[in-house]
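According to the working numbering, the sequence shown holds residues 53 to 490 in order. First the structure, in the form of structure tokens, and then the observations on it.
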Amino acid sequence: MNKAQLKEAVCQAIDARFDDIEKLAMDIFAEPELGFKETKTSAKIKAAFDTLGLDYSDGWGITGVKARVKGKNSKKTVALLGELDAIVCRDHPNCDPVTGAAHCCGHNVQIGNLLAVAMAFKDADVMKHLDGDVVFFAVPAEEYVEIDYRNSLREKGQLRYLGGKAEIIAQGGFDDIDMAMQMHVDPTDNPNGEFHVGASCNGFIGKLIEYRGKAAHAAGAPDKGVNALNAAMMGVMGVNAIRETFRDDDCVRFHPIINAGGDLVNVIPDRVKMESYVRAARLDALTRYNQAINRALKAGGDAIGATCEIKDLPGYLPLRPDENFRDVLRANAQAVFGKENVVEGVHSAGSTDMGDVSHLMPVVHPWVGCVKGVLHGASYHFDNKEAGLKKTAKVLAMTIIDLLADDAQEAQRICDNFKPVLTKETYCKYMDSISEAK
53 MNKAQLKEAV CQAIDARFDD IEKLAMDIFA EPELGFKETK TSAKIKAAFD TLGLDYSDGW
113 GITGVKARVK GKNSKKTVAL LGELDAIVCR DHPNCDPVTG AAHCCGHNVQ IGNLLAVAMA
173 FKDADVMKHL DGDVVFFAVP AEEYVEIDYR NSLREKGQLR YLGGKAEIIA QGGFDDIDMA
233 MQMHVDPTDN PNGEFHVGAS CNGFIGKLIE YRGKAAHAAG APDKGVNALN AAMMGVMGVN
293 AIRETFRDDD CVRFHPIINA GGDLVNVIPD RVKMESYVRA ARLDALTRYN QAINRALKAG
353 GDAIGATCEI KDLPGYLPLR PDENFRDVLR ANAQAVFGKE NVVEGVHSAG STDMGDVSHL
413 MPVVHPWVGC VKGVLHGASY HFDNKEAGLK KTAKVLAMTI IDLLADDAQE AQRICDNFKP
473 VLTKETYCKY MDSISEAK
């Protein structure tokens, strides 16, 4: 079979399997779990792989599952990734009533696409015509949340890094992969759906911030206390005071939350805990602004005689999509969505740990307009399943065929022209240096 015939076969298989694909995606939507806790979701992936007869390994980043299917030759390996975790959005109508977790991040759609391509490749029996392998990799903890909890796992030696792909890189889960791809959802009003070929994203450094003061009676003896909550507010205002120095093209973001702001209303708060990110578009900018923000935060404690302890934690690197890889993706997206519904995308102030992978190997990361409302918000609604689960799966499957057919020449060309920024070893050295810096 030639490439056109292979593409036609997998597209027909996706059409035939659409009810199964939708059911799996919505089953995952119905039971959202937070990062490194996705045991139910991981079990669903394993069950789907078992049904397809795929061999897999698990335990990647605690809950990750990795299946490899071999071609007639194994000249290159392409990984298709999907993320297991949800976020917290307690106002979403489909949130978990206990944890508040909700899939208003669209990761269940990613998993739906991963399984759709796996089903189609199996049903159409296309691997015997390809000269490379495909890895279907369900990965944990893309949403960098519950930083205090994850750091506690790190301090116990259960994690090295706080994001799923970063942890898997350190474990060696990407050592046998040459290039990787995944998608995210995006809101749109276009009834046909939209395919954003994918642009760059911010990276970030994670932060745990603790102000320590002195407790005293809040009304009877406030002069005997040191108000850590006031110190925290001063620190945040200090960051606000330097925001005018943040260059627009550096796309800096700082968005703290307070995890603990005092214990009793009639006691001067002596301990305040916060967490945040410092985000920026490039690694050099990230380091520079992080230092400035730390200085402002510590000044809040100095202002009133409190102390401020900051733990900088390895976060995510900026996303660098590979241009040659994007060309292949774009051509297939135009064939499926129509040229008028395919756009390039612009730099995002958000972040994804796919950025870490993009420093090691060629990566594409498209955004698919198939939802309504606000990402990570209570209004999020997955309304266009045709675009999100059928059209997108076809684009991803066809792209893999282009890469691995005909002696895997296209995959080889992309890899030959890719210049990695980091190796696994230098990546881990950089990530470790963030928490070691003083």
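For every residue, glycine included, the Cβ atom is placed at its ideal position computed from N, Cα and C.
Residue i: first and last residue of the uninterrupted beta strand (DSSP E) it sits in
{"i": "residue 496", "result": "In this structure the chain extends from 53 to 490, so residue 496 is not present and cannot be described."}
{"i": "residue 152", "result": "Element bounds for residue 152: n/a, residue is neither H nor E."}
{"i": "residue 264", "result": "255-264"}
{"i": "residue 477", "result": "Where residue 477 is concerned, there is no enclosing beta strand (DSSP E), although the alpha helix (DSSP H) it sits in stretches over 476-488."}
Beta-carbon proximity of residue i to residue j, cut-off 8 angstroms
{"i": "residue 193", "j": "residue 84", "result": "no"}
{"i": "residue 442", "j": "residue 70", "result": "yes"}
{"i": "residue 176", "j": "residue 62", "result": "yes"}
{"i": "residue 352", "j": "residue 284", "result": "yes"}
{"i": "residue 164", "j": "residue 97", "result": "no"}
{"i": "residue 184", "j": "residue 118", "result": "no"}
{"i": "residue 335", "j": "residue 255", "result": "yes"}
{"i": "residue 393", "j": "residue 245", "result": "yes"}
{"i": "residue 174", "j": "residue 454", "result": "no"}
{"i": "residue 321", "j": "residue 397", "result": "no"}
{"i": "residue 440", "j": "residue 420", "result": "yes"}
{"i": "residue 232", "j": "residue 380", "result": "no"}
{"i": "residue 187", "j": "residue 216", "result": "no"}
{"i": "residue 432", "j": "residue 144", "result": "yes"}
{"i": "residue 235", "j": "residue 418", "result": "yes"}
{"i": "residue 68", "j": "residue 449", "result": "no"}
{"i": "residue 140", "j": "residue 178", "result": "no"}
{"i": "residue 310", "j": "residue 326", "result": "yes"}
{"i": "residue 429", "j": "residue 369", "result": "no"}
{"i": "residue 337", "j": "residue 302", "result": "yes"}
{"i": "residue 360", "j": "residue 263", "result": "yes"}
{"i": "residue 389", "j": "residue 205", "result": "no"}
{"i": "residue 169", "j": "residue 77", "result": "no"}
{"i": "residue 230", "j": "residue 467", "result": "yes"}
{"i": "residue 209", "j": "residue 456", "result": "no"}
Buried/exposed call for residue i, threshold 16 Cβ in 10 Å
{"i": "residue 272", "result": "exposed"}
{"i": "residue 195", "result": "buried"}
{"i": "residue 103", "result": "exposed"}
{"i": "residue 410", "result": "buried"}
{"i": "residue 142", "result": "exposed"}
{"i": "residue 199", "result": "buried"}
{"i": "residue 316", "result": "exposed"}
{"i": "residue 90", "result": "buried"}
{"i": "residue 125", "result": "exposed"}
{"i": "residue 228", "result": "exposed"}
{"i": "residue 307", "result": "exposed"}
{"i": "residue 275", "result": "exposed"}
{"i": "residue 346", "result": "buried"}
{"i": "residue 342", "result": "buried"}
{"i": "residue 218", "result": "buried"}
{"i": "residue 239", "result": "buried"}
{"i": "residue 405", "result": "buried"}
{"i": "residue 328", "result": "buried"}
Beta-bridge partners of residue i, as assigned by DSSP
{"i": "residue 46", "result": "Past the boundaries of the shown model lies residue 46; the chain is included only from 53 to 490, so the question cannot be answered."}
{"i": "residue 119", "result": "108 and 188"}
{"i": "residue 306", "result": "330"}
{"i": "residue 400", "result": "253"}
{"i": "residue 238", "result": "421"}
{"i": "residue 139", "result": "154"}
{"i": "residue 415", "result": "232"}
{"i": "residue 395", "result": "248"}
{"i": "residue 325", "result": "262 and 312"}
{"i": "residue 269", "result": "319"}
{"i": "residue 434", "result": "423"}
{"i": "residue 371", "result": "253"}
Span of the alpha helix (DSSP H) around residue i
{"i": "residue 360", "result": "Run containing residue 360: none in the alpha helix (DSSP H); it sits in the beta strand (DSSP E), 359-368."}
{"i": "residue 129", "result": "Counting along the chain, residue 129 falls outside any alpha helix (DSSP H), though it belongs to the beta strand (DSSP E) covering 129-135."}
{"i": "residue 76", "result": "70-82"}
{"i": "residue 458", "result": "444-469"}
{"i": "residue 350", "result": "335-356"}
{"i": "residue 421", "result": "Residue 421 -> not in any alpha helix (DSSP H); beta strand (DSSP E) instead, spanning 419-424."}
{"i": "residue 280", "result": "280-293"}
{"i": "residue 201", "result": "199-207"}
{"i": "residue 473", "result": "Residue 473 -> no alpha helix (DSSP H), and no H or E assigned at all."}
{"i": "residue 222", "result": "216-223"}
{"i": "residue 407", "result": "406-410"}
Rounded Cβ spacing between residue i and residue j (contact assumed at less than 8 angstroms)
{"i": "residue 437", "j": "residue 66", "result": "Rounded, the Cβ-Cβ distance is 12 angstroms, inconsistent with contact."}
{"i": "residue 313", "j": "residue 365", "result": "With 8 angstroms as the limit, residue 313 and residue 365 do not qualify as a contact, their Cβ atoms being about 21 angstroms apart."}
{"i": "residue 113", "j": "residue 261", "result": "The Cβ separation is near 26 angstroms, so there is no contact."}
{"i": "residue 159", "j": "residue 135", "result": "4 angstroms"}
{"i": "residue 515", "j": "residue 225", "result": "Since the first residue of the chain shown is 53 and the last is 490, residue 515 is not available in this structure."}
{"i": "residue 479", "j": "residue 412", "result": "6 angstroms"}
{"i": "residue 253", "j": "residue 487", "result": "Between residue 487 and residue 253 the Cβ distance is about 22 angstroms, and since that is not below 8 angstroms, they are no contact."}
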